[in-house]
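K.L.:
Structure incoming, see below.
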Amino acid sequence: MHRPATSRLLTALLLAVAIPAGARAASPPPASAHARPNLLLLLADDLGYADLGCYGNTFNETPHLDRLAREGMRFTQFYAGPVCSPTRANLQSGQNQARFGITQHIPGHRRPYARLIDPVVPSHLPLEVVTFAECLRDAGYATGYFGKWHLGGAGYGPQDQGWATTLEFQGNTLGGRLPGESPDRRSAEFMAEKAEAFLEAHRDRPFVLQLSYFAVHIPLSTTADLLAKYQARKPMPGYPSRPEYAGLLEELDRSVGRVVAAVDRLGLGDRTLILFLSDNGGLEHEQSGRIVTSNAPLRGEKGTLYEGGIRIPAIARWPGTVPAGAT
741 MHRPATSRLL
751 TALLLAVAIP
761 AGARAASPPP
771 ASAHARPNLL
781 LLLADDLGYA
791 DLGCYGNTFN
801 ETPHLDRLAR
811 EGMRFTQFYA
821 GPVCSPTRAN
831 LQSGQNQARF
841 GITQHIPGHR
851 RPYARLIDPV
861 VPSHLPLEVV
871 TFAECLRDAG
881 YATGYFGKWH
891 LGGAGYGPQD
901 QGWATTLEFQ
911 GNTLGGRLPG
921 ESPDRRSAEF
931 MAEKAEAFLE
941 AHRDRPFVLQ
951 LSYFAVHIPL
961 STTADLLAKY
971 QARKPMPGYP
981 SRPEYAGLLE
991 ELDRSVGRVV
1001 AAVDRLGLGD
1011 RTLILFLSDN
1021 GGLEHEQSGR
1031 IVTSNAPLRG
1041 EKGTLYEGGI
1051 RIPAIARWPG
1061 TVPAGAT
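The working numbering numbers the first residue of the sequence shown as 741 and each following residue consecutively.
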């Protein structure tokens, strides 16, 4: 059985970054370690293979992600788990998520009426699992994690797994979850703001920053101007062309563009590996049956092991190391 692309990617990353620095170092590395590469990991939620402009979509506008693909490598056979928690466990650990029994989203399904009994899913990623954040932290890296975690509640959050600076929340708006912030504040914009502050604060030392967006997960919502923009647009043949989805995706794209611009503005571009991924394939249908997106020509959607459920959009940029415009 093939290892997921996310496992192989993380293994390669740690070989390139942590081992030269001496993973599990007893003390912070010397100043020369500042030349070591940074990692910026951008994780979308439920983004399908056919949703981005650089993958052929002509309805959704994703100029910043399209530019990232032009400046780096666009993957065409990158695989993840069919739902979020398995992929997230895989990313954090570099191991196959089945080792921990996380084969479904946490906390899993409880459907005693179903003909097929669902297995019991652990409530968290075990603390004894060594995460890549712990490896990089011990190698002298600043570590930051903002957004959706979905690998356990209190006592099992990102702050318990090697991430020093954390802000954990879910939703396409802040929804009153963060004191002092408007409940209507758009979360993708908010995450860009927090990322800029982190990058500024840690510009002079190696860092790893993960932004785990809630977009484009349901329930769908977007700003009034973006909704009107896509309502007035001609649909793309063979694609649902749903305005709420397109607007939410553009919010995600703008956030990514803002964070990447901050990396470049601070002079960190040539020593920062930027990875953009989705946690699983696109969700084609809401529970109500309403169409969300389409993974065509791939078969299936989120929650299935068909290509549409596990093949994801993935982009890597590292000027001077990852060739521009490659696939």
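We treat Cβ as the ideally placed atom computed from N, Cα and C, and that holds for glycine. This structure is a prediction, so every number in the text was calculated from the model and none was measured.
When you compare each of Pro898, Gly1009, Gly880 and Val999 to Arg945 by their alpha carbons, which one comes out closest?
P.N.:
When only C-alpha atoms are compared, the closest one is Gly880.
K.L.:
Looking only at DSSP bridge pairs, what is Ser952 linked to?
P.N.:
Leu783 and Gly887.
K.L.:
I'd like the span of the beta strand (DSSP E) that includes Thr905, first residue to last.
P.N.:
Here the beta strand (DSSP E) through Thr905 covers Thr905 to Glu908.
K.L.:
Which same chain residues end up closer than 6 Å to Gly884 when comparing Cβ atoms and leaving out the 5 residues on each side of it in sequence?
P.N.:
Excluding residues within five positions, the ones whose Cβ falls inside 6 Å are Thr905, Phe938 and Leu949.
K.L.:
In terms of residue numbering, what span does the beta strand (DSSP E) encompassing Phe1016 cover?
P.N.:
Unbroken beta strand (DSSP E) run through Phe1016: Thr1012 to Ser1018.
K.L.:
Met976 by DSSP, collapsed to three states: which one?
P.N.:
It is coil, neither helix nor strand.
K.L.:
Would you check if there are 3 or more beta carbon pairs closer than 8 Å linking the stretch 967-985 to the stretch 1045-1060?
P.N.:
Cβ pair count under 8 Å is below three, so no.
K.L.:
Would you check if the distance between the CB atom of Leu782 and the CB atom of Leu951 is smaller than 9 Å?
P.N.:
Yes. Within cutoff.
K.L.:
Should His849 go down as buried or exposed, given a rule of 16 or more other Cβ atoms within 10 Å for buried?
P.N.:
It is exposed - the Cβ of His849 has fewer than 16 other Cβ atoms within 10 Å.
K.L.:
Can you give me the C-alpha to C-alpha distance between Arg814 and Pro852, rounded to a whole angstrom?
P.N.:
C-alpha separation (whole angstroms): 42 Å.
K.L.:
Among all the DSSP beta bridges, which residues are the ones paired with Phe799?
P.N.:
Phe799 is not bridged to any residue.
K.L.:
Let me know if Ser772 comes out buried or exposed under the rule of 16 or more other beta-carbons within 10 Å of its beta-carbon.
P.N.:
Low confidence applies here, because Ser772 scores a pLDDT of 43, under 50, leaving its location unreliable; read the following figure in that light. Exposed.
K.L.:
Taking 8 Å as the limit between beta carbons, can you name the residues of its chain near Thr1109, skipping five residues before and five after?
P.N.:
Nothing in the structure corresponds to residue 1109, since the chain is present only between 741 and 1067.
K.L.:
Give me the Cα-Cα distance between Ile1052 and Gly895, rounded to the nearest whole angstrom.
P.N.:
Each residue's alpha carbon lies about 31 Å from the other.
K.L.:
Residues in the same chain with beta-carbon distance under 8 Å from Pro862, minus the five sequence neighbours each way, listed in chain order, please.
P.N.:
Excluding positions up to five away in sequence, the list reads Phe840, Gly841, Ile842 and Ile846.
K.L.:
Could you check the C-alpha separation between Arg1039 and Ala955 for me, to the nearest Å?
P.N.:
Roughly 22 Å separates the two Cα atoms.
K.L.:
Once the 5 residues before and after Glu921 are set aside, which same chain residues still bring their CB inside 8 Å of it?
P.N.:
Leu914 and Phe930.
K.L.:
Just to confirm the assignment: which complete beta strand (DSSP E) runs, minimum length 3, are found wholly within the stretch 801-884?
P.N.:
With a minimum length of 3 residues, the continuous beta strand (DSSP E) runs that stay inside the stretch 801-884 are 813-819.
K.L.:
My understanding is that Gly911 touches Ile1050, with C-beta atoms under 8 Å, so please give their C-beta distance in whole angstroms.
P.N.:
The pair is not a contact, with the Cβ atoms about 25 Å apart (cut-off 8 Å).
K.L.:
Based on DSSP bridge pairs, tell me the residues matched to Thr1031.
P.N.:
Note that residue 1031 corresponds to Ile in the displayed sequence, not to Thr. DSSP output for Ile1031 lists His1025 as bridge partner(s).
K.L.:
What did DSSP end up calling Ile958 once you bin it into helix, strand or coil?
P.N.:
Looking at Ile958 - three-state DSSP - the assignment turns out to be coil, as it is neither helix nor strand.
K.L.:
Which of the three DSSP states is assigned to Ala763 in this structure?
P.N.:
Caution is warranted here: a pLDDT of 42 is assigned to Ala763, below 50, making its placement in the model unreliable, and the coordinate value is therefore given only provisionally. Ala763: coil per DSSP, three-state reduction.
K.L.:
Can you tell me whether DSSP reads Ala964 as helix, strand or coil?
P.N.:
In this structure, Ala964 counts as helix in the three-state DSSP scheme.
K.L.:
By alpha-carbon positions, which one of Ala1001, Arg1030 and Gly997 ends up nearest to His804?
P.N.:
Among Ala1001, Arg1030 and Gly997, the Cα nearest to that of His804 belongs to Gly997.
K.L.:
Return the first residue and the last residue of the beta strand (DSSP E) that Ala1054 is part of.
P.N.:
Run containing Ala1054: Arg1051 to Arg1057, per the beta strand (DSSP E) assignment.
K.L.:
Report the rounded CA-to-CA distance for Val1000 versus Arg994, giving the unit in angstroms.
P.N.:
Their backbone Cα atoms lie some 10 Å apart in a straight line.
K.L.:
Looking at Ser927 and Tyr953, is the spacing between their C-beta atoms short of 9 Å?
P.N.:
In this structure, Ser927 lies closer than 9 Å to Tyr953 by Cβ.
K.L.:
Classify Glu990 as buried or exposed, calling it buried when 16 or more other Cβ atoms lie within 10 Å of its own Cβ.
P.N.:
Label assigned to Glu990: buried.
K.L.:
Do Ser833 and Phe799 have their CB atoms nearer than 9 Å?
P.N.:
Against a cut-off of 9 Å, the Cβ pair of Phe799 and Ser833 comes out as no contact.
K.L.:
Would Tyr979 and Ala790 qualify as a contact pair, given that the criterion is a beta-carbon distance under 9 Å?
P.N.:
Their beta carbons are under 9 Å apart, which means Tyr979 touches Ala790 by this criterion.
K.L.:
Looking only at C-alpha atoms, which of Gln901, Leu856, Gly897 and His864 sits nearest to Cys875?
P.N.:
Among Gln901, Leu856, Gly897 and His864, the Cα nearest to that of Cys875 belongs to Gln901.
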